[in-house]
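This report concerns only the one structure given below.
6 protein chains.
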Amino acid sequence: MKKIDEFNKERDRLNEIVMKYAGLGLKRFLSLDNQFYTEGALPAKTKEMLGLISSFVLRCDDCINYHLDKCNQLGVTNEEMEELLAIGVLIGGSITIPHLRRALEVWDDMRDVA
Amino acid sequence: MKKIDEFNKERDRLNEIVMKYAGLGLKRFLSLDNQFYTEGALPAKTKEMLGLISSFVLRCDDCINYHLDKCNQLGVTNEEMEELLAIGVLIGGSITIPHLRRALEVWDDMRDVA
Amino acid sequence: MKKIDEFNKERDRLNEIVMKYAGLGLKRFLSLDNQFYTEGALPAKTKEMLGLISSFVLRCDDCINYHLDKCNQLGVTNEEMEELLAIGVLIGGSITIPHLRRALEVWDDMRDVA
Amino acid sequence: MKKIDEFNKERDRLNEIVMKYAGLGLKRFLSLDNQFYTEGALPAKTKEMLGLISSFVLRCDDCINYHLDKCNQLGVTNEEMEELLAIGVLIGGSITIPHLRRALEVWDDMRDVA
Amino acid sequence: MKKIDEFNKERDRLNEIVMKYAGLGLKRFLSLDNQFYTEGALPAKTKEMLGLISSFVLRCDDCINYHLDKCNQLGVTNEEMEELLAIGVLIGGSITIPHLRRALEVWDDMRDVA
Amino acid sequence: MKKIDEFNKERDRLNEIVMKYAGLGLKRFLSLDNQFYTEGALPAKTKEMLGLISSFVLRCDDCINYHLDKCNQLGVTNEEMEELLAIGVLIGGSITIPHLRRALEVWDDMRDVA
Numbered sequence: 605m606k607k608i609d610e611f612n613k614e615r616d617r618l619n620e621i622v623m624k625y626a627g628l629g630l631k632r633f634l635s636l637d638n639q640f641y642t643e644g645a646l647p648a649k650t651k652e653m654l655g656l657i658s659s660f661v662l663r664c665d666d667c668i669n670y671h672l673d674k675c676n677q678l679g680v681t682n683e684e685m686e687e688l689l690a691i692g693v694l695i696g697g698s699i700t701i702p703h704l705r706r707a708l709e710v711w712d713d714m715r716d717v718a
Numbered sequence: 605m606k607k608i609d610e611f612n613k614e615r616d617r618l619n620e621i622v623m624k625y626a627g628l629g630l631k632r633f634l635s636l637d638n639q640f641y642t643e644g645a646l647p648a649k650t651k652e653m654l655g656l657i658s659s660f661v662l663r664c665d666d667c668i669n670y671h672l673d674k675c676n677q678l679g680v681t682n683e684e685m686e687e688l689l690a691i692g693v694l695i696g697g698s699i700t701i702p703h704l705r706r707a708l709e710v711w712d713d714m715r716d717v718a
Numbered sequence: 605m606k607k608i609d610e611f612n613k614e615r616d617r618l619n620e621i622v623m624k625y626a627g628l629g630l631k632r633f634l635s636l637d638n639q640f641y642t643e644g645a646l647p648a649k650t651k652e653m654l655g656l657i658s659s660f661v662l663r664c665d666d667c668i669n670y671h672l673d674k675c676n677q678l679g680v681t682n683e684e685m686e687e688l689l690a691i692g693v694l695i696g697g698s699i700t701i702p703h704l705r706r707a708l709e710v711w712d713d714m715r716d717v718a
Numbered sequence: 605m606k607k608i609d610e611f612n613k614e615r616d617r618l619n620e621i622v623m624k625y626a627g628l629g630l631k632r633f634l635s636l637d638n639q640f641y642t643e644g645a646l647p648a649k650t651k652e653m654l655g656l657i658s659s660f661v662l663r664c665d666d667c668i669n670y671h672l673d674k675c676n677q678l679g680v681t682n683e684e685m686e687e688l689l690a691i692g693v694l695i696g697g698s699i700t701i702p703h704l705r706r707a708l709e710v711w712d713d714m715r716d717v718a
Numbered sequence: 605m606k607k608i609d610e611f612n613k614e615r616d617r618l619n620e621i622v623m624k625y626a627g628l629g630l631k632r633f634l635s636l637d638n639q640f641y642t643e644g645a646l647p648a649k650t651k652e653m654l655g656l657i658s659s660f661v662l663r664c665d666d667c668i669n670y671h672l673d674k675c676n677q678l679g680v681t682n683e684e685m686e687e688l689l690a691i692g693v694l695i696g697g698s699i700t701i702p703h704l705r706r707a708l709e710v711w712d713d714m715r716d717v718a
Numbered sequence: 605m606k607k608i609d610e611f612n613k614e615r616d617r618l619n620e621i622v623m624k625y626a627g628l629g630l631k632r633f634l635s636l637d638n639q640f641y642t643e644g645a646l647p648a649k650t651k652e653m654l655g656l657i658s659s660f661v662l663r664c665d666d667c668i669n670y671h672l673d674k675c676n677q678l679g680v681t682n683e684e685m686e687e688l689l690a691i692g693v694l695i696g697g698s699i700t701i702p703h704l705r706r707a708l709e710v711w712d713d714m715r716d717v718a
């Protein structure tokens, strides 16, 4: 099983617990999270890249995984991913390098169709 | 065994290592950590909620677990916890959602008296 | 003129510019920002204190000023404020001390009815 | 004089002081800062948007101003800017709203050709 | 008047307001802040450099100014300062560059004995 | 097997994946990461301590482990390590305590020659 599929499965399991407790306000917030990434003046692909680099410089592995998956589905290439992550490392500094390693491990595993 | 009990056991084990190395200054800092949460002008329950939301927006799972346990002991209800975490997500942004998931998993497990 | 009144005036001026550009999604987000602090299972006063300490440990002076004003209006006392900020300094560390200074300057000016 | 021109002038003045002290390593780092934003697999415009949102969620006003200027020069529209900043606010949370206000003030001033 | 002297004067003014409100706990925290930087197994000069780089990567200008002053008093040279700040920029990333500019402006002004 | 050796082995494995994707810019950044810590106006030992405390206040366990290893190799004593970490906890606040626990566990294991 791909690392990203394990991640998504665990995410779904935990989201059920969130929904058990979430009130109206929190549900509204969570629904915004979907609305903001849809095709608009900016293409959905660009928006997912914006989401990815934000998650990267804020150093949240789960958020990185989520956007890596979306970027992959929307056709981001290896070269584009490398350039995006390089900017993330430059802005965020060497403190982000452990996240770079984990992000590329997930990406590499995701792209491996052997 | 509850998740929070496993967490507390591991915490105790590591605290012994800390005490092996801690000098006077560090010990004083660590003792402040207990003094600041005692009943005062603000009730202990409010103080633990302040500690929890601070830990949440700063995105430290171990700190979140610690204050979740205290909040539970001091009578925070599910509704109060949901409102607190909703404010945390709003202020801290969607980058905190993975911490919301993990916090509610621990809380749910803690409250489950089946 | 009180420092907080100058702050609120400037905030209103900038909010007009935000509204000139904000689309539906952003407007929804901004409206959530009001909804989450209303009286509920937790009193509005407690919610504003949660907003204040979150702003404090995340080190945002404008956000601190906003919640200081609300806390003052909702009856937070000097003793309660001191205990809240002490927890903020403890959790956030000495890096927050410049924000402590500025927060107490605004608070002191706000409370001064001479 | 436009706000961004004042900002750039002050930035140039301070960069001279930096260059007075910078050794070889620091100079290499600073030169990378230019290389990473050039046209590549990703267009320069996309790269500046990635730089802008990273600066936004990390809450650095000077960095935001720098990338706002570049985005403007590379043809980012008001609608694109709004969608970018909305994602930034969603991910970074309401703690970023003061930066949203200041960013849109600079952007509005920059776009004003009256 | 040197920039650092203006900074210290303003800091003293605000500290008086802090002392007007500070309770026992907060006073204890603030006194630790002095104790931890005294000569010990590590020289005071090294400790101030540790304080400076921490303040730098956490991006707090006031904290940076405070430790720049102490480093200057304890004999840190221009070359040592440059190497310290270069490591800070590398670890903290390009997001720290505006703080580098302001730090070197204060340092340059401090060292100028013309 | 020591914890640090497991950590280094995993790090090497992930670095191979990074090198598979890294372009020229990213490789240059990564090479700077080595250059900045060499003996200069500041001793290599001091530089590693600067790297450690920066990693500590920014709360990155992998970065902490990396610099703990280097500090150990360059002769940092238990007393020096304790003073460094105490300053880190003071500046970074109680939110860093879980990282203190994990850092001292790795350090204790590293120093244990029984």
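Residue numbers (our numbering), protein chains in the order written: chain A, 605 to 718; chain B, 605 to 718; chain C, 605 to 718; chain D, 605 to 718; chain E, 605 to 718; chain F, 605 to 718. Glycine is no exception: its CB is placed at the ideal position from the N, C-alpha and C atoms. Treat the numbers as computed from the prediction; the structure is a model and nothing was measured.
Point to revise | Straight-line gap, E:Ile691 to B:Ser658 (C-alpha atoms, nearest Å) | key: The count along the fifth sequence starts at 1 and reaches residue 691 of chain E at position 87. The count along the second sequence starts at 1 and reaches residue 658 of chain B at position 54. Roughly 29 Å separates the two Cα atoms.
**Study point:** Endpoints, alpha helix (DSSP H) assigned at F:Cys667
**Key:** Counting from 1 along the sixth sequence, the entry for residue 667 of chain F is found at position 63. 665-677 is the span of the alpha helix (DSSP H), which, as asked, contains F:Cys667.
Practice item. Go through its chain and collect everything with a Cβ distance to D:Lys674's Cβ below 6 Å, but skip five positions before and after it. Key: Residue 674 of chain D sits at position 70 when you count from the first residue of the fourth sequence. Closer than 6 Å at Cβ, skipping near neighbours: Glu652.
Point to revise | Exposure of E:Asn638, with buried meaning 16 or more beta-carbon neighbours within 10 Å | key: Numbered from its first residue, the fifth sequence carries residue 638 of chain E at position 34. The residue in question, E:Asn638, is exposed, as its Cβ has fewer than 16 Cβ neighbours within 10 Å.
Check your understanding: Comparing the C-beta of A:Leu694 with each C-beta of chain E, is any distance below 9 Å?
Key -> Within the first sequence, residue 694 of chain A is the residue found at index 90, counting from 1. Judged by the 9 Å Cβ criterion, A:Leu694 is in contact with chain E.
Review point. Name the residues in the stretch 656-668 of chain C whose C-beta lies less than 8 Å from a C-beta of chain E; which are they?
Key: Arg663
Exercise for review: Could you tell me the distance, in whole angstroms, from the CA atom of E:Met605 to the CA atom of E:Asp716?
Suggested key: Locating residue 605 of chain E in the fifth sequence gives position 1, counting from the first residue. Locating residue 716 of chain E in the fifth sequence gives position 112, counting from the first residue. The alpha-carbon atoms of E:Met605 and E:Asp716 are separated by roughly 12 Å.
Exercise for review: Output yes or no for whether 9 Å exceeds the beta carbon distance between C:Gly679 and B:Leu662.
Suggested key: Taking the third sequence and counting its residues from 1, the one referred to as residue 679 of chain C is at position 75. Taking the second sequence and counting its residues from 1, the one referred to as residue 662 of chain B is at position 58. The answer is no: Cβ separation not under 9 Å.
Point to revise | Exposure label - F:Pro702; buried when at least 16 CB within 10 Å | key: The residue labelled residue 702 of chain F in the question sits at position 98 within the sixth sequence. Classification of F:Pro702: buried, given that the 10 Å Cβ count is 16 or more.
Point to revise | Members of the stretch 631-657 of chain C near chain B, C-beta cut-off 8 Å | key: Leu636, Asp637, Phe640, Tyr641, Gly644, Ala645, Leu646, Thr650, Lys651, Met653, Leu654, Gly655, Ile657
Review point. Along the chain, which unbroken stretches of the alpha helix (DSSP H) at least 4 residues long are found entirely within the stretch 617-644 of chain E?
Key: 628-639
Exercise for review: State the CB to CB distance for the pair A:Leu646 and D:Leu688, rounded to an integer number of angstroms; the pair is presumed to be in contact (CB under 8 Å).
Suggested key: Position 42 of the first sequence, counting from 1, holds the residue named residue 646 of chain A. Position 84 of the fourth sequence, counting from 1, holds the residue named residue 688 of chain D. So it is a contact: roughly 7 Å between Cβ atoms.
Review point. Whose Cβ in chain F lies nearer than 9 Å to the Cβ of A:Asp690?
Key: Counting from one through the first sequence, the residue named residue 690 of chain A turns up at place 86. What sits at residue 690 of chain A in the sequence shown is Ala, not Asp. Under the 9 Å cutoff, chain F gives Ala626, Gly627, Gly629, Leu630, Phe633.
Review point. Does the beta carbon of A:Val710 sit closer than 9 Å to a beta carbon anywhere in chain B?
Key: Looking up residue 710 of chain A in the first sequence gives position 106. A:Val710 does not count as touching chain B.
Exercise for review: Give the range of the alpha helix (DSSP H) segment to which D:Thr650 is assigned.
Suggested key: Residue mapping note: residue 650 of chain D aligns to position 46 of the fourth sequence, counting from 1. Counting along the chain, the alpha helix (DSSP H) containing D:Thr650 begins and ends at 648-661.
**Study point:** Neighbouring residues, chain D, relative to E:Leu672 (Cβ below 8 Å)
**Key:** Residue 672 of chain E sits at position 68 when you count from the first residue of the fifth sequence. Under the 8 Å cutoff, chain D gives no residues; its nearest Cβ is about 13 Å from E:Leu672.
**Study point:** 8 Å CB neighbourhood of E:Asp616 in its chain, flanking five on each side removed
**Key:** On the fifth sequence, position 12 is the one that residue 616 of chain E refers to. Excluding sequence neighbours, E:Asp616 sits near nothing in its chain.
Exercise for review: In angstroms with no decimal places, state the Cα-to-Cα distance between A:Asp712 and F:Ile621.
Suggested key: The residue you call residue 712 of chain A lines up with position 108 of the first sequence. The residue you call residue 621 of chain F lines up with position 17 of the sixth sequence. Going by the C-alpha atoms only, they are around 8 Å apart.
Point to revise | C:Arg706 vs E:Asn619 beta-carbon contact at 9 Å | key: Taking the third sequence and counting its residues from 1, the one referred to as residue 706 of chain C is at position 102. Taking the fifth sequence and counting its residues from 1, the one referred to as residue 619 of chain E is at position 15. Not closer than 9 Å, so no.
Check your understanding: Does DSSP put F:Val717 in a helix, in a strand, or in coil?
Key -> On the sixth sequence, position 113 is the one that residue 717 of chain F refers to. Of the three classes helix, strand and coil, the one that applies to F:Val717 here is coil, per DSSP.
Check your understanding: When burial is assigned at 16 or more other CB atoms within 10 Å of the CB, is E:Ser635 buried or exposed?
Key -> Working through the fifth sequence from its first residue, we reach residue 635 of chain E at position 31. Exposed is the call here.
Review point. From C:Leu654, C:Leu694, C:Cys667, C:Ile699, pick the residue whose C-alpha is nearest to that of C:Phe611; which is it?
Key: For the purposes of this step, residue 611 of chain C is taken as the residue at position 7 of the third sequence. With distances taken between Cα atoms, C:Phe611 lies closest to C:Cys667.
Check your understanding: Mind checking whether A:Leu708 and F:Lys624 have CB atoms under 9 Å apart?
Key -> The residue given as residue 708 of chain A occupies position 104 in the first sequence. The residue given as residue 624 of chain F occupies position 20 in the sixth sequence. Yes, Cβ-Cβ distance for A:Leu708 and F:Lys624 is below 9 Å.
Review point. Nearest-angstrom Cα distance between F:Glu643 and F:Lys649?
Key: In the sixth sequence, the residue the question calls residue 643 of chain F occupies position 39. In the sixth sequence, the residue the question calls residue 649 of chain F occupies position 45. C-alpha separation (whole angstroms): 8 Å.
Review point. Alpha carbon to alpha carbon, what distance is there between C:Asp665 and C:Met685?
Key: Working through the third sequence from its first residue, we reach residue 685 of chain C at position 81. Working through the third sequence from its first residue, we reach residue 665 of chain C at position 61. One C-alpha to the other measures close to 16 Å.
Check your understanding: Can you find a CB in chain D that lies within less than 9 Å of the CB of C:Val622?
Key -> On the third sequence, residue 622 of chain C is found 18 positions in, with the first residue counted as 1. With 9 Å as the cut-off, C:Val622 counts as an interface residue toward chain D.
Practice item. Evaluate B:Thr700 with the Cβ neighbour count: other Cβ atoms within 10 Å of its Cβ, from every protein chain shown; 16 or more gives buried, anything less gives exposed. Key: Working through the second sequence from its first residue, we reach residue 700 of chain B at position 96. Under this definition B:Thr700 is a buried residue.
Check your understanding: Along chain B, in chain order, which residues have C-beta atoms closer than 9 Å to that of A:Asn612?
Key -> Along the first sequence, one-based indexing puts residue 612 of chain A at 8. Those do not exist, as A:Asn612 stays about 13 Å from chain B at its closest Cβ, beyond 9 Å.
Exercise for review: Return helix, strand or coil for D:Lys606, following the three-state DSSP convention.
Suggested key: Start at 1 with the first residue of the fourth sequence, and residue 606 of chain D comes out as number 2. Here D:Lys606 sits in coil by DSSP.
Point to revise | Beta-carbon separation (whole angstroms), E:Lys607 vs E:Val710, contact threshold 8 Å | key: Your numbering for residue 607 of chain E matches position 3 in the fifth sequence. Your numbering for residue 710 of chain E matches position 106 in the fifth sequence. Sure, about 5 Å apart at Cβ, within 8 Å.
Point to revise | Three-state class that DSSP yields for E:Val680 in the structure shown | key: Against the fifth sequence, residue 680 of chain E aligns to sequence position 76. DSSP places E:Val680 in coil when its eight states are reduced to three.
Practice item. Run the CB neighbour count on B:Leu656, radius 10 Å, all protein chains shown included, and call it buried at 16 or more, exposed below. Key: Numbered from 1 along the second sequence, position 52 holds the residue referred to as residue 656 of chain B. By the 10 Å Cβ count, B:Leu656 comes out buried.
Review point. If we ignore side chains and look at the alpha-carbon of each, how far apart do F:Gly627 and E:Glu683 end up?
Key: As a position in the sixth sequence, residue 627 of chain F is number 23, starting the count at 1. As a position in the fifth sequence, residue 683 of chain E is number 79, starting the count at 1. Those two C-alpha atoms are separated by around 32 Å.
Point to revise | For E:Gly692, three-class secondary structure by DSSP | key: The residue given as residue 692 of chain E occupies position 88 in the fifth sequence. Correct three-state label for E:Gly692: helix.
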